[in-house]
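Below: the structure, in structure tokens.
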Amino acid sequence: MIRIELPDGSVREVAQGTTPHDVAMSISPRLAAAVVVARIRPLTPKPVAATTDDEAASEQAMYGAAAAGGERLVDLNAPLTEDVALELLKENDAAALKVVRHSAAHVMATAILELFPETKLGHGPATDAGFFYDVYREVPFTEADLAAIEARMAEVVKRDEPFLRAEESREQGLTDYAAQGDFMKVHFIERFTQPGEMISLYKNGSFTDFCRGPHVPSTGRVKAFKVMSIAGAYWLGDEKNQQLQRIYGTAFFNPKDLEAHFKHLEEIKARDHRVLGKQLDLFSIQEVAGAGLIFWHPKGGLIRKTMEDWMRDDCIRRGYQMVYTPHIMRRELWKISGHEENYGENMYPPMELDDAEYRLKPMNCPGHILIYKNTPRSYRDLPQRYAELGNVYRYERSGTMHGLLRVRGFTQDDAHIFCTPQQIEDEIAGCIDFAEAVLKTFGFAEFKVELSTWDPADKKFIGRAEKWDGAVGSLTKVLDRKGIPYRIIPGEAAFYGPKIDIKLVDVLGRMWQLSTVQFDWNLPARFDLEYKGEDGEMHQPVMVHRALFGSVERFFGVLIEHYAGAFPLWLAPVQVGLVPISSDKHLDYARSVKAKLEAAGLRVELDERNEKMNAKIREFTLQKVPFVLILGDKEAATESVSVRTRGLGDQGSVTLEAFLERAQQTLASRSVEL
Ligand SMILES: [Zn+2]
Ligand SMILES: [Zn+2]
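Under our numbering, the sequence shown has 682 at position 19, and the numbering climbs by one with no breaks.
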């Protein structure tokens, strides 16, 4: 007999060899039908190697036999052989979705081999968005082939073939796959299993795959799927090797989820900041100047100015002092700061001038440190909070740049706070308040907080345990005091101290890493920073690095996508569009309206072209201008305007005064509604 512990804490004694499906059936047949896969955790745990999330680890997880001792997913018909805690996973579980997706990869492989038997199979894992299978076939697959594969998959699903697990000796597996010319499977068996081991095979219908599983009980459980696209990849990432074809697909528990996923993808496409950036003439990236370098056009520039003005004003209001530091500084400085040693590969190479070598700055910290160090400091001067919208340059490999999101030159809204150890908690709390204000002001209601701490076993982290524990303790205390939920991520801190990352959630539910608050005792030590304490002795200040937009460029990219280019009134580059009904008869009135609105601080564009009224309205609508005012005889006679509001359409006529008052109110409140 073995013991099975269920999530409600109840324990069952069952015969060895009982399956999770048997357990589910004994609870209720309805439960058994709804369960996708099982998760087990041996009640007497054995040590297992930790895995990370990269591709090698995912291969290890798919083919290696090593993880048998720890918590793992198993097939519903896998015989249980030891005392375990058992969870029966249903369709609301993310892990169950991955099992469905990986099973869909088997279904796709089945279809491919039925249609194109000459194909050789590689690796076919689930991913966060679906699944793929790497395959080798000399002839490239066409769009029509993909459609045929998808249609055949539907037949495989309809046949509802059970996924059956079998084992055979590693030697037998190697012989069989070698005989079939399946060089990739041979590689995976050699790499992930040991001589003398048994390997596991999964069979559905006539298709057999080398795989550790688990899978759904049968192909019929793959209820909603789509073959998406194809991309080239070299076997093992080496261009001297065979060119593989990676076929992407996705799968969901039901057609409704699949449909929602495609709608989501369309939304993402429609909001692409690179497309909107061109359409709204906000920014460009130009081949002749280089990749990853941003040109802010007048309209984008206006939004940036508005963002920066808000940021500077709020910095000053919160006790920061604005500073400016050089873009290039002597190489010697980057050696003192440790950037050359620890960050060199992200920096541009040195430039040789007549007096010394110089390097472009990848970070603003050393600049602010030199300002601190230039004057003797006493405890009465602390905290010193220096803020700068600092341009930094970091080397990104060509081909990795992505619009405004991944660039080679950008502007950090950077600040460094130098304070006493006693002040640190208040300073961190101030940074978090400020970060919350940024997110709220720019229209992000939801955010997630992560606290990255060190790993005492990892040599890259400098400083003693008591320093780390003290710093992590301070950060935790601040978050707890403010009642902010957070996730602790061990081992993800910067090498010089723990950090808090704030990830905002956009309108499509996507998470973006932007704000960060970091603790640092390394740089103050490297630069011998000090202040005279109350005791008359010299002490070392603590330093906090913090950036809230993160990068102005990246934040702007996220804003464009979040608002789909329809910026709130206070950020919109053109706030009011004026459309005279007749371009000669009503132009004088339109010009007087423009002058009045501009005098009140609004950004106004008057369309004086000799075009039809509707064409002008359409143009402003395409440019996502918040208010469009139509001006004709009636309006001119009564000093009024006919208002069209973005998203709401025709709002009727109001006096110019009333419109102005309303617009100014919306502007002053920085409402994100319009
Ligand atoms: Zn599999
Ligand atoms: Zn810094």
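Every residue, glycine too, gets a C-beta built ideally from N, C-alpha and C.
Bear in mind the structure is a predicted one, so any value in this text is a computation, not a measurement.
Closest to residue i by CA distance: which of the options is it?
| i | options | result |
| --- | --- | --- |
| K962 | S1303, V1267, G1315 and S1305 | V1267 |
| L1260 | A1326, V1221 and T707 | A1326 |
| V1365 | I1163, D1118, Y1159 and E781 | Missing from the structure shown is residue 1365; the chain here goes from 664 to 1337 and no further. |
| L749 | L827, R1189, L809 and I667 | I667 |
| G1310 | L899, V1291 and G1062 | V1291 |
| M1064 | G955, A914 and H1002 | G955 |
| V1168 | L1192, L776, M1201 and G1106 | G1106 |
| E628 | F1158, E1224, Y1159 and L996 | In this structure the chain extends from 664 to 1337, so residue 628 is not present and cannot be described. |
| F1158 | G1172, K1130 and I1147 | K1130 |
| C1028 | L1186, P1013, Y911 and A768 | L1186 |
| E1298 | A1253, L1337 and E1336 | A1253 |
| V737 | R937, R875, S1316 and G1312 | R875 |
| F915 | L907, P1012 and K886 | K886 |
| V770 | E754, A896, Y799 and Y911 | Y911 |
| N1054 | D1018, Y1042, S1000 and Y987 | Y987 |
| K783 | S673, K821, M847 and G883 | M847 |
| D823 | A758, S766 and A810 | S766 |
| T1116 | D839, I1163 and R937 | I1163 |
| R1022 | K998, A1278 and R1043 | K998 |
| A1229 | A896, D935, L694 and A768 | D935 |
| A1156 | F1182, E1193 and R980 | F1182 |
| A1258 | R1043, K1195 and G1240 | G1240 |
| Y1042 | A792, E1197 and A894 | E1197 |
| L1222 | I966, F873, T805 and G859 | I966 |
Rounding to the nearest angstrom, what Cα-Cα distance links residue i and residue j in this structure?
| i | j | result |
| --- | --- | --- |
| V1112 | W959 | 31 Å |
| L1052 | A952 | 22 Å |
| E834 | G900 | 27 Å |
| G1133 | S689 | 52 Å |
| T1038 | M1201 | 14 Å |
| V849 | F794 | 22 Å |
| E1099 | L1114 | 16 Å |
| L669 | P1161 | 38 Å |
| S1246 | T1284 | 19 Å |
| K932 | P692 | 43 Å |
| M985 | K1123 | 33 Å |
| P1289 | G1312 | 10 Å |
| I1166 | Y1149 | In the sequence as displayed, the identity of residue 1166 is Lys instead of Ile. Rounded to whole angstroms, K1166 to Y1149 spans 11 Å at the Cα level. |
| S673 | I665 | 14 Å |
| R1307 | Q1075 | 37 Å |
| A841 | G1126 | 53 Å |
Please go through the same chain and pick out, in chain order, the residues whose beta-carbon is closer than 6 Å to the beta-carbon of residue i, but skip the five residues on each side of it.
| i | result |
| --- | --- |
| A713 | Note that A713 has pLDDT 47, beneath the 50 cutoff, so the model's placement of it is unreliable and no number is given. |
| I1293 | V1242 and S1305 |
| D716 | With a pLDDT of 45 at D716, under the threshold of 50, the predicted position of this residue should be treated as unreliable, though the coordinate-derived value follows. Excluding sequence neighbours, D716 sits near nothing in its chain. |
| I703 | V737, V747 and L749 |
| D671 | none |
| L1347 | Outside the displayed range of the chain (664 to 1337) lies residue 1347, so it cannot be described from this structure. |
| T871 | L864 |
| P705 | E745 and V747 |
Once the 5 residues before and after residue i are set aside, which same chain residues still bring their CB inside 7 Å of it?
| i | result |
| --- | --- |
| L1250 | P1243 and E1271 |
| F1218 | L1177 and F1212 |
| V820 | V770, T882, G883 and V885 |
Tell me the residue span of the alpha helix (DSSP H) that contains residue i.
| i | result |
| --- | --- |
| I1338 | In the structure as shown, the chain starts at 664 and stops at 1337, and residue 1338 therefore has no counterpart that could be examined. |
| V890 | Premise fails: V890 lies in the beta strand (DSSP E), A887 to Y897, not in any alpha helix (DSSP H). |
| A1134 | A1128 to R1144 |
| M1000 | In the sequence on display, residue 1000 carries Ser and not Met. Residues R994 to S1000. |
If I follow the unbroken beta strand (DSSP E) through residue i, where does it start and stop?
| i | result |
| --- | --- |
| L752 | V747 to L752 |
| T1308 | S1303 to T1308 |
| W1233 | Element bounds for W1233: n/a, residue is neither H nor E. |
| G1053 | Q1047 to Y1056 |
| L831 | For the sequence presented, residue 831 should be read as Glu rather than Leu. Residues L827 to S832. |
| A914 | Q906 to F915 |
For residue i, collect the residues of the same chain with a Cβ closer than 8 Å to its Cβ; drop the 5 residues on either side in sequence, then sort them by chain order.
| i | result |
| --- | --- |
| R1071 | G953, A954, G955, L956, Y1056, R1057, Y1058, E1059 and M1064 |
| N1005 | F1158 |
| P742 | Q679, G680, T681 and T682 |
| query | Can we say the stretch 1025 to 1035 touches the stretch 983 to 996, given the rule of at least three CB pairs closer than 8 Å? | reply | Cβ pair count under 8 Å is three or more, so yes.
| Just checking, does the stretch 1134 to 1148 make contact with the stretch 1086 to 1099 on the three C-beta pairs under 8 Å criterion? | Enough Cβ pairs lie closer than 8 Å, so yes.
| message | Under 8 Å: do the stretch 696 to 705 and the stretch 755 to 763 share three or more Cβ pairs, one atom per stretch? | response | Touching, per the Cβ criterion.
| message | Taking contact to mean 3 or more Cβ pairs, one atom from each stretch, closer than 8 Å, check whether the stretch 1203 to 1219 and the stretch 1075 to 1092 are in contact. | response | Taking 8 Å as the limit for Cβ pairs, the verdict is that the stretch 1075 to 1092 does touch the stretch 1203 to 1219.
| Does the stretch 851 to 867 come close enough to the stretch 887 to 895 that 3 or more CB-CB pairs lie under 8 Å? | With a cut-off of 8 Å, the stretch 851 to 867 and the stretch 887 to 895 do not count as touching, because too few Cβ pairs lie within range.
| query | Are there three or more Cβ pairs, one per stretch, closer than 8 Å when the stretch 1037 to 1051 is compared with the stretch 910 to 923? | reply | At 8 Å Cβ cutoff, the stretches do not touch.
| query | Three or more C-beta pairs closer than 8 Å, one from the stretch 773 to 780 and one from the stretch 804 to 817: is that the case here? | reply | Judged by Cβ distances under 8 Å, the stretch 773 to 780 makes contact with the stretch 804 to 817, as three or more pairs qualify.
| Touching or not, the stretch 1228 to 1236 and the stretch 962 to 980, by the rule of three or more beta carbon pairs under 8 Å? | Taking a contact to require three or more Cβ pairs closer than 8 Å, the stretch 1228 to 1236 and the stretch 962 to 980 qualify as touching.
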